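Just below is one structure, and these are the notes that go with it.
In the numbering used here, the protein residues as written are 46 to 315.
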């Protein structure tokens, strides 16, 4: 029971924090920070607690292709949302979600058929991230102009969805094995509820912005998973998680600083 409550508390806190950031700082910033190892870290950590370090380390290898399935999920949602603009918002969300889930499961199923080493998985994700950056560059950035009040129903929806996803995936780990557990740990646990609420409240524009900027922060996820894969067997669960978060944070801060400096340089030259 205590473990379930811990899962609920962590997932609820992460989703609410990122959701409020999306409204206050804009979906562009939230999209980049969504690449921070939030949902994946939550799942791999609790899988490690329940199934052991070796199981979690093996799962982390397949978290790399799991993130490729997530990129496919996001792009499928984007493509579907562009083709159903004439529908009311709830049918839009349902259709986009169905297309995205089908794509995620299809890509995950293909990867679970393949035996993959840590090096292979890491390189394949890097290639996929580059392709996503090229594909998603065509998506326009859009800010949230008229923000709505954070009501209790909105809070419950955001928190409830993320918590449910975490409980289901971590609870199934023993039944589906480390390969499928790793693939499913790549699912956008914290990002998907935010996409839904942005879509319902503001339309597709801010959702597209979130999708566009997600690959830009994925380097943090990449270094986190690599550190977990190598660090869990050596450092253990707690220290390995802290080390992975530390390295991911350094990456994200460095990347954000680089982008800020580059933007300032362009503004100064312009």
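Here a beta-carbon is modelled for each residue, glycine too, at the ideal position from N, C-alpha and C.
Small disclaimer: the values here were computed from a predicted structure and weren't measured.
Task: Nonlocal neighbours in the same chain, by C-beta distance under 6 Å from residue 177, ignoring five residues either side - done: 116 and 260.
- [ ] Could you round the C-beta distance between residue 108 and residue 227 to whole angstroms and report it? I think they count as a contact, below 8 Å.
- [x] Confirmed, Cβ separation roughly 5 Å.
Open item on the list: Could you compute how far the alpha carbon of residue 146 sits from the alpha carbon of residue 140?
Closed with: 10 Å
TODO: Measuring alpha carbon to alpha carbon, tell me which of 152, 167, 110 and 133 ends up nearest residue 272.
DONE: 167
Task: Between the CA atoms of residue 130 and residue 297 - distance to the nearest angstrom - done: 35 Å
- [ ] Determine the closest residue to residue 263 out of 216, 236 and 207, with distance taken between C-alpha atoms.
- [x] When each option's Cα is compared against that of residue 263, the closest is 236.
Open item on the list: Below 8 Å, how does it come out for the stretch 93-105 and the stretch 148-156: are there three or more Cβ pairs, yes or no?
Closed with: Output reads no: the stretch 148-156 does not touch the stretch 93-105.
TODO: Grab me the residues of residue 293's own chain with a C-beta within less than 6 Å of its C-beta, minus the 5 sequence neighbours each way, in chain order.
DONE: Excluding positions up to five away in sequence, the list reads 82, 265, 268 and 269.
- [ ] Classify residue 193 as buried or exposed, calling it buried when 16 or more other Cβ atoms lie within 10 Å of its own Cβ.
- [x] Because residue 193 sits at a pLDDT of 48, beneath the cut-off of 50, its placement in the model cannot be relied upon, and the following sentence gives the value as read from the coordinates. That one is exposed.
Open item on the list: Using C-beta distances below 7 Å, list every residue in its chain close to residue 295, excluding the 5 sequence neighbours before and after it, in chain order.
Closed with: none
Task: Cβ neighbour criterion (16 or more within 10 Å) applied to residue 220 - done: exposed
Task: Pair within 7 Å by beta-carbon distance, residue 215 and residue 91 - done: yes
Open item on the list: If you measure between the beta carbons of residue 172 and residue 87, is that distance less than 7 Å?
Closed with: no
- [ ] With DSSP collapsed to three states, give me the class of residue 182.
- [x] Coil at residue 182, not helix or strand.
Task: Beta-carbon proximity check, residue 301 vs residue 223, cutoff 7 Å - done: For residue 301 and residue 223, no; Cβs fall outside 7 Å.
- [ ] Could you tell me whether the Cβ atoms of residue 186 and residue 254 are closer together than 7 Å?
- [x] yes
Task: C-beta contact flag for residue 252 and residue 244 at 7 Å - done: Cβ atoms of residue 252 and residue 244: closer than 7 Å.
Task: Length of the line joining the Cα atoms of residue 123 and residue 144 - done: Answer to the nearest angstrom: the Cα atoms are 10 Å apart.
TODO: Measure the alpha-carbon distance for residue 161 versus residue 127 and round it to whole angstroms.
DONE: When rounded, the distance between both Cα atoms is 35 Å.
- [ ] Return helix, strand or coil for residue 246, following the three-state DSSP convention.
- [x] helix
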